[in-house]
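> Submitted below is the structure of interest, expressed as structure tokens.
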Amino acid sequence: MSSTGAPDIIWRPETDLQSFHGDGKAIYEPDLFDAIDSTIESLSDELRTLSLDIHDHPELKWEEHHAHDVLTDFMAKHGFQVKQHYILPTAWEATFTQGQGGPTIGVNSEMDALPGVGHACGHNLIAIAGVAVACAVKAILEKKNINGKVVLLGTPAEEGGRGKVVLLEGGAYEGMDACVMCHPAPGPPNSASLSSSLALKGLQVEYTGHTAHAALAPWEGQNALDAAVAAHTNIGLLRQQLKPNHRVHGIIEGRDWAPNIVPDYAKLLYYIRSETWAEVLAAVPRVENCFKAAALATGCKIDVKPFHSSTELRQNKALGDEFANVFESKYGSIDRKYGIAGASTDFGDITYALPALHPGFGIPTKPNGGNHTREFAASAATIEAHKATLNVAKALAAVGVRLLTDEGFLNEVKKTFEEDKKIRGDV
Numbered sequence: 000m001s002s003t004g005a006p007d008i009i010w011r012p013e014t015d016l017q018s019f020h021g022d023g024k025a026i027y028e029p030d031l032f033d034a035i036d037s038t039i040e041s042l043s044d045e046l047r048t049l050s051l052d053i054h055d056h057p058e059l060k061w062e063e064h065h066a067h068d069v070l071t072d073f074m075a076k077h078g079f080q081v082k083q084h085y086i087l088p089t090a091w092e093a094t095f096t097q098g099q100g101g102p103t104i105g106v107n108s109e110m111d112a113l114p115g116v117g118h119a120c121g122h123n124l125i126a127i128a129g130v131a132v133a134c135a136v137k138a139i140l141e142k143k144n145i146n147g148k149v150v151l152l153g154t155p156a157e158e159g160g161r162g163k164v165v166l167l168e169g170g171a172y173e174g175m176d177a178c179v180m181c182h183p184a185p186g187p188p189n190s191a192s193l194s195s196s197l198a199l200k201g202l203q204v205e206y207t208g209h210t211a212h213a214a215l216a217p218w219e220g221q222n223a224l225d226a227a228v229a230a231h232t233n234i235g236l237l238r239q240q241l242k243p244n245h246r247v248h249g250i251i252e253g254r255d256w257a258p259n260i261v262p263d264y265a266k267l268l269y270y271i272r273s274e275t276w277a278e279v280l281a282a283v284p285r286v287e288n289c290f291k292a293a294a295l296a297t298g299c300k301i302d303v304k305p306f307h308s309s310t311e312l313r314q315n316k317a318l319g320d321e322f323a324n325v326f327e328s329k330y331g332s333i334d335r336k337y338g339i340a341g342a343s344t345d346f347g348d349i350t351y352a353l354p355a356l357h358p359g360f361g362i363p364t365k366p367n368g369g370n371h372t373r374e375f376a377a378s379a380a381t382i383e384a385h386k387a388t389l390n391v392a393k394a395l396a397a398v399g400v401r402l403l404t405d406e407g408f409l410n411e412v413k414k415t416f417e418e419d420k421k422i423r424g425d426v
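Residues in the sequence shown are numbered consecutively from 0, following numbering that gives the first Met the number 0.
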């Protein structure tokens with residue numbers, strides 16, 4: 000997940016973590032929350048060991064083999080029915096069913112790391128948060144003999160691989176009445192966010208020209224690097240006329256380049272982002288014209304292909320209101336503006352497909368040590384980040400338990416999902 004673009008909120012280490020308290024307002028079935036709290040606290044040491052194990056073995060998208068193995072082993076030992084290598088080589092599913100019938104709550108655990116900077120987006124924390132939620136919900140289903148199911152998906156390749164989209168297309172989310180997960184960002188450990196995120200479309204642009212001796216006969220060549228640089232410049236100029244909520248950014252790649260050879264190949268990888276999928280689609284043709292103009296100017300051939308996309312997060316209102324009520328009651332404040340608003344995630348597509356919730360939560364960081372930095376990777380291994388993760392997991396588990404035990408709430412979740420579909424123009 001990309002950095003948020005929001006101002007960093009830095010937690011100061013000298014602040015006493017125990018001084019943070021919620022407002023104590025009433026929540027749904029307090030005895031159930033107490034059981035959730037005690038279940039997750041009883042697992043804290045095991046979850047901490049699991050988190051650090053994943054953190055110390057960072058694996059890139061599609062390569063999360065160690066994380067796959069330790070997470071599925073953990074879930075099997077805690078009484079879940081586990082499917083390894085589920086749909087994708089490093090994806091997995093852990094299911095617990097109590098009785099017959101009843102609703103199903105889905106949960107997601109991310110696992111992948113980033114090139115060069117390891118778990119600089121805190122996916123080790125997301126992994127154990129999902130585990131904690133699923134284990135707590137299982138405990139309530141067993142204790143109260145409630146008919147229902149919890150399904151935890153291990154979702155690979157969030158960082159540029161659209162792993163959840165592949166799982167969605169493969170049927171992994173079928174049967175879920177709702178799905179929840181969370182994501183860390185810079186902030187005090189008593190804070191959470193219910194912001195949206197940016198929709199994103201990626202374009203791969205390849206220019207093919209003709210080589211020539213760069214000094215002896217440069218006029219014989221068509222310079223693919225010049226095409227890429229021209230396109231990059233065109234987009235820089237286009238930004239002046241784009242809306243403030245649009246983001247267009249990318250890189251240039253090449254092969255077999257030498258200073259005395261006119262390059263005959265160059266590639267651009269670009270992301271176009273905005274607050275909604277509809278706005279992204281409106282901006283794409285203008286960006287594509289920048290690429291085409293560069294090809295025309297340099298005489299190069301051009302090939303444009305999509306390589307990545309995700310919609311914005313559509314936080315389900317009923318799920319979000321319940322999460323906010325629990326979190327504010329027990330832990331601290333809820334932000335609805337910043338959070339991960341400037342980032343993108345493949346979970347956005349899940350929120351388009353079914354009722355879903357993806358709160359962000361604060362962990363202590365150093366100045367300029369936000370997501371996708373080495374400093375954030377270090378922060379994701381701290382005990383303060385661990386405690387913050389457990390707190391948000393408890394609140395999410397409470398949301399899941401209410402969905403499974405309160406038919407009126409389940410109906411409200413479905414109703415608000417259908418209302419949001421009308422707002423976004425699907426129906």
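Note that beta-carbon positions come from the ideal geometry of N, C-alpha and C, so glycine has one too.
1) Return yes when the Cβ of Val164 is within less than 7 Å of the Cβ of Asp345, no when it is not.
2) Please state if the CB of Ala282 and the CB of Ile271 are separated by a distance shorter than 7 Å.
3) Within a Cβ cutoff of 7 Å, which residues of the same chain sit near Tyr351, ignoring the five residues on either side of it in sequence?
4) What number of angstroms, rounded off, separates the C-alpha of Ala25 from the C-alpha of Val69?
5) Specify the secondary structure class of Ile26 as computed by DSSP and reduced to three states.
6) Classify Cys299 as helix, strand or coil using the three-state DSSP reduction.
7) Considering only the alpha carbon of each residue, which of Ile251, Lys393, Ala90, Phe408 lies closest to Leu268?
8) Could you check the C-alpha separation between Ser308 and Val279 for me, to the nearest Å?
9) Out of curiosity, what's the CA-to-CA distance linking Val412 and Leu87?
10) Since Gly147 and Leu403 are thought to touch, with beta carbons under 8 Å apart, how far apart are those beta carbons, to the nearest angstrom?
11) Among all the DSSP beta bridges, which residues are the ones paired with Asn244?
12) Can you tell me whether Ile260 is buried or exposed? The criterion is at least 16 other CB atoms within 10 Å of its CB, across all chains shown.
13) Compare the Cα-Cα distances from Pro262 to each of Leu236, Ala214, Thr275 and report the closest residue.
14) Would you kindly check if the distance between the Cβ of Glu327 and the Cβ of Arg401 is under 7 Å?
15) Quick one: is Pro305 buried, meaning 16 or more other Cβ sit within 10 Å of its Cβ, or exposed?
16) Taking only runs of the alpha helix (DSSP H) that begin and end inside the stretch 316-356, which ones reach a length of at least 4 residues, in chain order?
17) Taking the alpha helix (DSSP H) that Glu205 falls in, what are its first and last residues?
18) Count the other C-beta atoms from every protein chain shown that fall within 10 angstroms of the C-beta of Gln80, then say buried if there are 16 or more, exposed otherwise.
19) Under three-state DSSP, which class holds Val261?
20) From what residue to what residue does the alpha helix (DSSP H) around Thr364 run?
21) Going by C-alpha distance, which of Trp61, Ala397, Glu92 is nearest Ala138?
22) Hey, would you say the C-beta of Val136 is under 6 Å away from at least one heavy atom of the ligand NAP?
23) Indicate whether the contact test is met: 3 or more Cβ pairs, each with one atom in the stretch 176-188 and one in the stretch 102-111, closer than 8 Å.
24) Which first and last residues belong to the beta strand (DSSP E) in which His182 is found?
So, from the data block:
1) Going by C-beta atoms, Asp345 is nearer than 7 Å to Val164.
2) Yes, Cβ-Cβ distance for Ile271 and Ala282 is below 7 Å.
3) So the list reads Thr310, Arg313, once near-sequence residues are dropped.
4) Straight-line Cα distance between these residues: approximately 38 Å.
5) Look at Ile26 here: in three-state DSSP terms it is coil, with no helix or strand label.
6) Reduced to three states, the DSSP call for Cys299 is coil.
7) The option with the nearest alpha carbon to Leu268 is Ile251.
8) Rounded to the nearest whole angstrom, the CA to CA distance from Ser308 to Val279 is 10 Å.
9) Roughly 30 Å separates the two Cα atoms.
10) Right, their Cβ atoms sit about 4 Å apart.
11) According to DSSP, Asn244 bridges with nothing at all.
12) By the Cβ-count criterion, Ile260 is exposed, with fewer than 16 other Cβ atoms from all chains shown falling within 10 Å of its own Cβ.
13) Nearest neighbour of Pro262 by Cα position, chosen from Leu236, Ala214, Thr275, turns out to be Ala214.
14) Contact: no.
15) Around the C-beta of Pro305, fewer than 16 other C-beta atoms lie within 10 Å, and the residue is accordingly described as exposed.
16) The qualifying runs are 316-329, 346-352.
17) Per DSSP, Glu205 belongs to no alpha helix (DSSP H); it is in the beta strand (DSSP E), 198-207.
18) Gln80 counts as exposed, since fewer than 16 other beta carbons sit within 10 angstroms of its beta carbon.
19) Val261 falls in the coil class under three-state DSSP.
20) First-last for Thr364: undefined, no H or E at that position.
21) Nearest of Trp61, Ala397, Glu92 to Ala138, Cα basis: Ala397.
22) This structure lacks the ligand NAP, and indeed carries no ligand of any kind.
23) At 8 Å Cβ cutoff, the stretches touch.
24) Secondary structure note for His182: its beta strand (DSSP E) is the uninterrupted segment 182-185.
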